[in-house]
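Following: one structure in structure tokens, then a few remarks.
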Amino acid sequence: MSQPSSVDPVSSAPDRAWSPSDLAGDPHAAADKAARVRRMFGAIARRYDLNNRLHSFGLDRCWRARAVREAGVTSESDVLDVACGTGDLSLAFTRAGARQVIGADFTPQMLDLARDKARRRGALGERLRFEHGDAMNLEYSDASFDIVSIAFGLRNVSDPPRALTEFRRVLRPGGRLVVLEFSRPRNRLVRAGNDFYTRRVMPLTATLIARDRSGAYRYLPRSVETFPEGNDLLDLIRRAGFTSTRAVPLTMGVCTISIGQR
């Protein structure tokens, strides 16, 4: 009889960030979550935008546009977009007329794509730039921004309360936090359909499109199911010191914008 292997399935597969056994439990509890998340996004960066468009049926652009509106951006707004990925939300803030937008991310491959995208659109320059940044250790002075945003990124952070505290630190008094994140619909039928799609359909098709071996698209639904949402997420935001918190459900609750004020 063969002996069970003592080799960690993640470390033995350089491209893999999440094994099936990791996702049987709570992926947010992984001690090396940050390294896994960085590896995961590096692996899927090239086809990230394509998968976003296809698997949200183009709605991800609408969700980001709504987040910009909820942020209350003006021509005097300085914006920090944390976990900016390929730069879609950062670009949306720039198009909305923000004075300055900084997109920060800790995955080099994502930053390269964001810069290339902004450059092709003639947007990269004084009003928009992309920088390496860690949500839990932002290298910006206190009270530097009017708006801090994070889209589909807070659940990927190793320590969300610490990140939220950092977001508040860099916001100016009266500044606004905008968190756009996946959530689970409250209607039972809608939730059942969404669960089937996100657990069964999307992981298969997205993995094939991205030619992914990191486990990213099986991590995604599991990370949503095990992350605070609704009032629980608003409680996290309030505990970080934010006030005037509210939630804006989108597309029957498939995702939600959570807002707080410094």
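In terms of my numbering, the sequence shown opens at residue 2 and continues consecutively.
Here a beta-carbon is modelled for each residue, glycine too, at the ideal position from N, C-alpha and C.
The criterion of a C-beta distance shorter than 7 Å is satisfied by L112 and F131. The C-beta separation of R263 from P174 comes to about 6 Å, placing the pair in contact by the 8 Å criterion. Apart from sequence neighbours up to five positions away, the residues of its chain that approach R39 with a beta-carbon distance below 8 Å are F107 and T108, ordered along the chain.
One Cα belongs to N195, the other to Y220, and the distance between them is close to 16 Å. When the beta-carbon positions are compared, G216 and W19 come within less than 7 Å of each other. Between S22 and the set T244, R223, A44 and S145, the nearest pair of CA atoms involves R223. By the CB criterion at 7 Å, L81 and I45 fall outside the cutoff. The segment 88-140 contains, as complete beta strand (DSSP E) runs of 3+ residues, the segments 101-106 and 129-133 (chain order). Unbroken beta strand (DSSP E) stretches of 3 residues or longer found wholly inside the segment 157-241: 172-183, given in chain order.
In the three-state reduction of the DSSP assignment, R48 falls in the helix class. If you draw a straight line from the Cα of F183 to the Cα of E127, it is about 32 Å long. The Cβ-Cβ distance between T75 and Y49 does not fall below 7 Å. When only Cα atoms are considered, H56 and V225 end up about 15 Å apart. DSSP, read as helix, strand or coil, puts A152 in strand. When secondary structure is reduced to three states using DSSP, D147 falls in the strand class. Counting only the Cα atoms, L209 lies some 42 Å from G242. Taking the Cα positions, R189 is about 23 Å away from R156. In the DSSP assignment, S245 falls within the unbroken beta strand (DSSP E) covering T244 to L251.
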